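Report on one structure; see the data block that follows.
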Amino acid sequence: MRDDKTIAFIGAGSMAESIIGGLLKKNLVSPTNITVTNHSNEQRLLDIKNSFGVNTTPTATKAVEIADIIILAMKPKHIEEAVASLKPVITENKLVLSVLAGVTTSYIEQLLDNPIPVVRVMPNTSAKVGASSTAVSSGYYAAQHHLDQAADLFFAIGTVTILEESHLDAVTGISGSGPAYFYYFVEAMSNVAKEAGLPEEKAKDLIIQTIYGAAIRLQSSHLSPGDLYNEVMSPGGTTEAAFQSMESHRLQESFQKAIHAAINQSKALGTSTKSYDVQ
Numbered sequence: 001m002r003d004d005k006t007i008a009f010i011g012a013g014s015m016a017e018s019i020i021g022g023l024l025k026k027n028l029v030s031p032t033n034i035t036v037t038n039h040s041n042e043q044r045l046l047d048i049k050n051s052f053g054v055n056t057t058p059t060a061t062k063a064v065e066i067a068d069i070i071i072l073a074m075k076p077k078h079i080e081e082a083v084a085s086l087k088p089v090i091t092e093n094k095l096v097l098s099v100l101a102g103v104t105t106s107y108i109e110q111l112l113d114n115p116i117p118v119v120r121v122m123p124n125t126s127a128k129v130g131a132s133s134t135a136v137s138s139g140y141y142a143a144q145h146h147l148d149q150a151a152d153l154f155f156a157i158g159t160v161t162i163l164e165e166s167h168l169d170a171v172t173g174i175s176g177s178g179p180a181y182f183y184y185f186v187e188a189m190s191n192v193a194k195e196a197g198l199p200e201e202k203a204k205d206l207i208i209q210t211i212y213g214a215a216i217r218l219q220s221s222h223l224s225p226g227d228l229y230n231e232v233m234s235p236g237g238t239t240e241a242a243f244q245s246m247e248s249h250r251l252q253e254s255f256q257k258a259i260h261a262a263i264n265q266s267k268a269l270g271t272s273t274k275s276y277d278v279q
């Protein structure tokens, strides 16, 4: 069932595209109720318009004036400039959703300098196929119905977990960036399959089904990931050989450090936006 609320996307990057694609795929919002704008790339707006049939405009204030929900999806470094220009048309009856990594609701509220409801959302690009893992947290002026509205919107494109905002940087590094980690490891498996002479499409099917099946098994099992991978191993077997190689290269430790780097970068992005004086 479609929602008649209008949505303005401030920013037209991959995350905005994924959310738009997911919302339209689930028929939650009409394309005519979505308006997209960005900082300067008119070709990108044309591509979005042609792909989804949504409205686009190079003038952000025009998009915000007619919107019930404003989704901030620009680069975090542009948040101050964007909010400064939009502040006169962001009224208290509008809901602001931010998908900006590291940027806190309190900082956005400070920039708005009005009691505007702000909800911070961290989806991932699987939103495009209705399978995002999204975390949501509310700002100071956001009431329960604002949080519910945000959750309902993102439930249409995957799962939603409501958390305290203090957890959002960790979520950004784990599930926000998570699809990229998955693609990275699939790429490694695909490279080996190619080296071994497997046909590309058949290898892709084998790899995806293997990971899909493992995810379902993990989801439905009371066993830990460690229990499950140990279940696959046998002394002197192929899986044990693979794990011995991975452990000799400290792969798990390196991967954990990589995720911590993503979490720290989320925190740094938030800190860097706050380094500017708020007018």
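Residues 1 to 279 (the UniProt record's numbering) are what the sequence shown spells out, left to right. Positions of the beta carbon are idealized from the N, C-alpha and C atoms, including for glycine. All figures in this text were calculated on a predicted structure; none of them were measured in a lab.
The beta carbon of residue 130 lies closer than 8 Å to those of 22, 25, 26, 156, 157, 158 in the same chain, with the five residues before and after it left out. Bounds of any alpha helix (DSSP H) do not take in residue 97; it lies within the beta strand (DSSP E) bounded by 95–98. Residue 70 is positioned such that its CB atom lies closer than 8 Å to that of residue 8. Cβ-Cβ separation between residue 116 and residue 94: approximately 7 Å, consistent with a contact (criterion under 8 Å).
Residues 135, 168, 171, 172, 176 of the same chain have their beta carbon placed closer than 6 Å to that of residue 122, with the five preceding and five following residues left out of the count. Taken through DSSP and simplified to helix, strand or coil, residue 64 comes out as helix. Residue pairing by DSSP places residue 35 opposite 8, 55 in a beta bridge. When DSSP states are grouped into helix, strand and coil, residue 72 belongs to the strand group. In this structure residue 67 touches residue 6 by the C-beta definition: roughly 5 Å separates them, less than 8 Å.
The three-state reading of DSSP puts residue 135 in strand, counting E and B together. A residue is called buried when at least 16 other Cβ atoms come within 10 angstroms of its Cβ; residue 114 does not meet this threshold and is exposed. Secondary structure note for residue 120: its beta strand (DSSP E) is the uninterrupted segment 118–122. A straight line joining the alpha-carbon of residue 32 with that of residue 20 spans about 12 Å.
Residue state for residue 238 is assigned as helix, using DSSP reduced to three classes. Inter-residue distance for residue 270 and residue 86 is about 20 Å (C-alpha atoms, whole angstroms). Contact between residue 160 and residue 138 is absent: CB atoms are separated by about 13 Å, not below the 8 Å threshold.
Residue range 158–162 is occupied by the beta strand (DSSP E) that includes residue 161, with no alpha helix (DSSP H) assigned at that position. By the CB criterion at 8 Å, residue 10 and residue 101 fall outside the cutoff. Judged by their CB atoms, residue 64 and residue 90 are nearer to each other than the 8 Å cut-off.
Burial check for residue 149: the Cβ neighbour count within 10 Å reaches 16 or more, so the residue is buried.
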